[in-house]
Each structure stands twice: as structure tokens, then as C-alpha cells.
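Quick notes on the structure that follows.
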Amino acid sequence: MSTHAATAPAALATDSTSSSSAATKALIIGLAGLAVTAAGIALSPNKHGPVMSYLVGVTYWTAIAIGMLMMVMIHHIVDASWSVVIRRQWEHGLAAFKWLFVLFLPLLILAWVKPGYVWPWMDLHHVLHGSETVGNDVLYQKKSGFLNLDMFTGMTLAFFIIWVWLSARLRKASFTQDVDGKASWTTANRVNAAMGLPLGALTLTFAAVYWVKSLEYHWFSTMYGVWFFANCMRGALCCGVVIMVWLYRRGDYKGILNTNHFHSIGQLMLAFTVFWAYVTFSQYFLIWNANIPEETFWYNLRELNHDGSTNQWWYVGLVLVFGHFVIPFCALLSYRFKVTQPIIRRIAFWVLTVILVDMCYNILPALKDAHGDSLPFLSINLLWVLTSVIGIGGVCIWAYLRSLPTTKLIPIRDPRIGECLTHHE
Amino acid sequence: MATPNYGLIATFDSPPDLYHAAEKVRDAGYKNWDCITPFPVHGLDKAMGVRRSIVPRISLAGGITGFCTGMSMIWWTGAYDYQITVGGKPLFSPMFAFPVSYELTILFTAFATIGGMFFLNGLPMHYHPVLKYDQIKRGMDDTFFIVIEARDPRFNLANTKALLEQAGGKEIKELEA
């Protein structure tokens, strides 16, 4: 084992100059994306579209960051060895949380300045389809203890405080261990994980309910948080693969990663592909089977117009069935695909793209025309989704790249590092 | 019988010894041979030149069979053999056939995997010539063995013995068939 550690790249500190120039580039691209999004909001006659697209972007990247947080904690709670070197990259990814909070603030401020603009239930005078107002709506009145602006604000602040706090604790213990080598940091992180996993599960569920599901507050689904969790995990695993291949090609991870690391992370990608399908199908199937209007309307919005014709979201749903499940599932069954770097990276990019489509599918049909039909998928809003994702993604990648050179490339003094470097060899 | 014995068995003291010996036997081109170890030795497959098992393909075939069985069973019972409308639902829809198909996919995959593994390993096997070797029980404790079978086309008593000796094998014995 010690021989492996000795043959690992001598520096073990990432090339800081190239990282910082890449970080600057990411920040510039991110700010440009945000600027274009802001211009889109300012110049659009109907600002709903770009604002909702921005919500898609924030939710997408927050989901990936949450997935990374959960992966780090799961690593600690099960005392995993294979993922020690990859865990370090997720720890760097957690640096994005505070910036995600900053990027969420505009939506929070908008909720106070113009209540009901994004989440209709915030405005009691908002007229629902059918000439009822939110304030007079029995369903709202029953849910108003949960769905009110104070709760929304307090909960959103609590989510980010918990995520930033957990990330800081996990990062500090891991990074300090590089310096002093104390095994007690590993046990400290085990405690952090035991405490953080239930907190993470609760916060990500409530975040999904408040930010996304409450766009249609009439709807019921107990699977929603689990659906969101599945996307979080898939996003984090795919980002992990992209980073692994990137660092391997750059030379940093040569001598550190072997095929078994790619096999292991690929197996988890396959497992969460099935998990996503199981959860998403269950949600659809139970609603389809019970066939009661309180629940079916949510899918009807995503299949039909009021005159009974099929709308574009029906095809987006099919893209999800095949693109988010069938294709990645079949591809990930193959051992060769999982361990061949260009192929597994391509699968990872594909899944990252489809997660974005899934977010669009869940958020954008809340935009409706005068008949109450969902606005089509193919519209100018896709451009704002793209600029938001690039903008927020640029900032997240900048945060990652800025954190990357501040520590050793891998946790060199983790008690399981030897086991990890010789994973199944 | 052309060759009276089953093959040759050689003893090794440690996993690295066995590992490097396995590489030599592999490079000498032998096909019908095996290592006996008290615990799994990581990387030994590669050192022996063993390819990935075809069990996953058998599993896949089992899974596809299970899925199709589930779908056609629900179609057969609900839409063909005994047509009855339940809860205003169509006579057949993949939607409600899916849970059954999904379960049968898993069940048949498990059967195929276990069955395929048993078949490829020649299990159940109640007798194996190496069991006659008086030291074989140590292979479950602290000793490592390489067995080269006489049916291997490259097998030649003198040369194979020399190869095992050169690879560091001790107590090289002939095994009765």
C-alpha cells in the first residue's frame, strides 16, 4: 500500500496557476450568463418566463450541490474506502453553497416585493383559473400554515444555513486531517454525517416542496422529495465522473484512479437511474391508477391542452422516460461503458442534460396562457434556461476551482486512502 | 487412460508468490489450470489471464425474459383470456402491467444469475481430484496452490514440473484422477 502512495504524483497539490486562470474564466462566463439573464428579464415584455427559467437554473445547480453533500455524508456513514479520492472533489464542490444562496436571494427578494409573481399562493388576491382568489380557496386556507411568506423565507434561509454549516464542518475536518493526520477527524465526520443525513433529507424535501412543487399548490404527491433526491444524487455522481476524467486527463489523477473506481461510480449511477425511474414511475402510476382530479390535473397540464389536444410537454415526458431512464439504464448495464473514460463521461453529460429537462418539466408548465394551458416547451424561455444554467453553473464551477488548489489533491492522510488507491487491485 | 493422473499441484507460501507464479503460468500459455486460495486475492484474475465472466449476459437474458413474461401474462389474463373492465381502466395498459413485469424482471434475473453461475462453475460438484491431496485443507487456512490439469494441451509432466519449480512452487505433487 505504501508503495502506491509513494508512486502517486509527487506534488499532490493541484497546479494552482492553471486552476486559478480556469476559475477566472468560469467566473467571467458565469457573470456573462447572469448578465444576459438579467437583460432578458429586464427587456422581456412578459417577465414571468425568464424569472421561472432562472428558478430552473438555481434549482438545478442547488440539486447537484445537495447531491454532493449527501454523497460525502453517505461516504462517511458507511465508512466507504473506494470513494476517498473522489470525495475530496465533492468537498470542493460544496464551496458553491454560499454562492447559491446569494443567487437565490433575488427570488426571495422578489417574493417579498411582488408576492405571487413566482409562487402564486403568496398573493391572496391572485385569481385562479375559475375566477376564485387564492385567499378564498379552501385548499389554500387549509395549507396556509405551511404555505405563507414567513414560513417560505424562514425555511429557505434555514436550508442554506444548514447546507453551508454542514459543508463547512465536513470540509474543515477533511482538510485539517491533511495537515495533522489525526484519525479523530474521520470519526468527527462520521458524527457529522449521522447528524447531517436526516437534516439533509428533510431540507432537500422541503426545498423541493417549497421551491418547485408549491408552484401548483393544489397538487398532492408524497414522492416529490424522493424524486428530487434521486436527481440530486444522479447530478452529483455525473459531476463526479466529469471531474474524475478531467483530472485524469490533466495528469493529476494518473496513478491514483484505476478502472475499478470508474466501475464503482458507474454502478452507483446505474443504481440511481433505477431509483429515479422507480420513484418517478410510482408517482405517475399511483396518480394514474387512482384517477382523481386533485392529482391528475398536474399531469394533464403536462399532456393536454384544455381542448384535448396533445401539448409539447407530452413529448418532453417521453424524452424523460427514454432519455432519463431507458437509454442511461441500458448504457450503464455494460461493464465496458462504465470503465471506458470517454464513454462514461458522455453518459454523465447526457444525464446532466436530462436532469435539466426534468427540472424544466417540473417547473415551466406553471407558466400558463389565458386558457390555463401550459406554455409550450419550445419557446424563448429555453434561452433563458440556458443562460441561467450557464450563469449559475459558471459561478458554481468558479467556487469549485477556487477551492481546488487550497488543499491536497486527495486526502493523503485519510485512514482509508491506501485501500482507496488500491481499490480491488 | 492416456495420462493416469489429474495434474500437478504446487504449494506457495504467500499471495505475492502465488500472484507472480500465476503470471508465469499464464504467460506459458496454459488454459486448464486454477489457483486455490484461502481468501480472494485482488488482481489474481488479471494475473491468471481470466476474462470477465459471461454471467452478466445470462442475467440480461433472464431479465428480458422476466419483463416479457410479466407484460404478456397481464395482457393474457386481462385482455385476452378473461376480459373484464376494472375501475374504468383499459383491458390492457403497460402502466399496470409494469409493477408485475418489474418484479418478474428482478426474479428472473436472480434465477438466471444464480443458475448461470452454477452451470458455468459445474456446480453442484460432489467430487474433485484435488480433494485427494492430503494437504488440501491448508488451502482454506494459510497456504496457496496452483493446479495445472493434465488435459491442458501444453501439459507435459517434466516441462510443467520445471515451470512450476521455476515459478517458485514447493512440494510439487502429481494428483490422482
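Just so you know, the sequences run in chain order A and B. Quick note on this note's numbering: the first sequence kicks off at 391 and runs consecutively. Quick note on this note's numbering: the second sequence kicks off at 2 and runs consecutively. Ideal Cβ placement from N, Cα and C applies to all residues, glycine included.
Query: Cβ contact check for the segment 53-60 of chain B and the segment 155-170 of chain B: 3 or more pairs under 8 Å; Result: no
Query: Within-8 Å CB hit, B:F97 to chain A; Result: yes
Query: Contact residues within the segment 701-726 of chain A, judged by C-beta distance below 8 Å to chain B; Result: L723, Y725
Query: Proximity winner among A:H814, A:V441, A:V517, relative to A:H651 (alpha-carbon distances); Result: A:H814
Query: Any chain B beta carbon closer than 8 Å to A:T393; Result: Only weak support is given to the placement of A:T393: the predicted model assigns it a pLDDT of 41, under 50, and the value that follows is read from those uncertain coordinates. A:T393 does not count as touching chain B.
Query: Three-way DSSP call (helix, strand, coil) for A:T452 in this model; Result: helix
Query: Extent of the continuous beta strand (DSSP E) run through B:V148; Result: 145-150
Query: For A:A661 and A:D527, the rounded distance between their alpha carbons; Result: 42 Å
Query: Element boundaries [beta strand (DSSP E), containing B:I37]; Result: 34-37
Query: Sub-8 Å separation of A:W691 and A:S769 beta-carbons; Result: It is worth fixing the name first, because residue 691 of chain A is Leu in this sequence and not Trp. Going by C-beta atoms, A:L691 is not nearer than 8 Å to A:S769.
Query: Environment of B:G117 [buried if 16+ CB atoms lie within 10 Å]; Result: buried
Query: With 16 other Cβ atoms within 10 Å as the buried cut-off, status of A:F767; Result: buried
Query: Cβ-Cβ separation, A:S471 to A:C810 (assumed contact under 8 Å), whole Å; Result: 5 Å
Query: Listed by chain order, chain B residues near A:N771 by CB distance under 9 Å; Result: Neighbours of A:N771 on chain B: none; closest Cβ ~30 Å, over 9 Å.
Query: Cut-off 6 Å between Cβ atoms - residues of its own chain near B:G169, not counting five sequence neighbours on either side; Result: D18, A22
Query: Where the alpha helix (DSSP H) containing A:I633 begins and where it ends; Result: 614-640
Query: Limits of the beta strand (DSSP E) - the one that B:I10 falls within; Result: 6-13
Query: Bounding residues of the alpha helix (DSSP H) (the contiguous stretch that carries B:I173); Result: Element bounds for B:I173: not the alpha helix (DSSP H) but the beta strand (DSSP E), 171-177.
Query: Contact check, A:Y530 vs A:V441, beta carbons under 8 Å; Result: no
Query: Backbone CA spacing between B:K90 and A:Q657 [nearest angstrom]; Result: 37 Å
Query: Same chain, Cβ closer than 7 Å to A:K437, neighbours up to 5 away in sequence not counted; Result: I431
Query: Top-ranked residue by Cα proximity to A:N621, from A:M749, A:V581, A:N582, A:R803; Result: A:M749
Query: Inter-stretch contact (C-beta, 8 Å, three-pair minimum) for the segment 91-101 of chain B and the segment 127-137 of chain B; Result: no
Query: Touching by the beta-carbon criterion (3+ pairs, under 8 Å), the segment 65-80 of chain B and the segment 45-52 of chain B; Result: no
Query: Expected contact under 8 Å - CB spacing of A:T427 and A:T777 to nearest Å; Result: 5 Å
Query: Cβ of B:H21 within 8 Å of any chain A Cβ; Result: no
Query: Chain B residues whose Cβ lies nearer than 8 Å to that of A:F687; Result: Those do not exist, as A:F687 stays about 18 Å from chain B at its closest Cβ, beyond 8 Å.
Query: is_contact[A:T565, chain B] using C-beta, thresh 8 Å; Result: The amino acid occupying residue 565 of chain A in the given sequence is Phe; Thr does not appear at that position. Chain B contact via Cβ: absent.
Query: Chain-ordered chain A contacts of B:R52 [CB-CB under 7 Å]; Result: Result: empty, since nearest Cβ-Cβ is about 11 Å, beyond 7 Å.
Query: Residue-level contact to chain B via CB, A:E606, 8 Å cutoff; Result: no
Query: Same chain, Cβ closer than 7 Å to A:L498, five either side skipped, listed in chain order; Result: T543, T546
Query: Contact list for B:L61 against chain A, beta-carbon separation under 9 Å; Result: L723
Query: Nearest-angstrom Cβ-Cβ length linking A:A485 and A:S793, presumed shorter than 8 Å; Result: 4 Å
Query: Environment of A:I807 [buried if 16+ CB atoms lie within 10 Å]; Result: buried
Query: Contact list for B:G44 against chain A, beta-carbon separation under 7 Å; Result: E815
Query: Chain B residues whose Cβ lies nearer than 7 Å to that of A:W678; Result: M96
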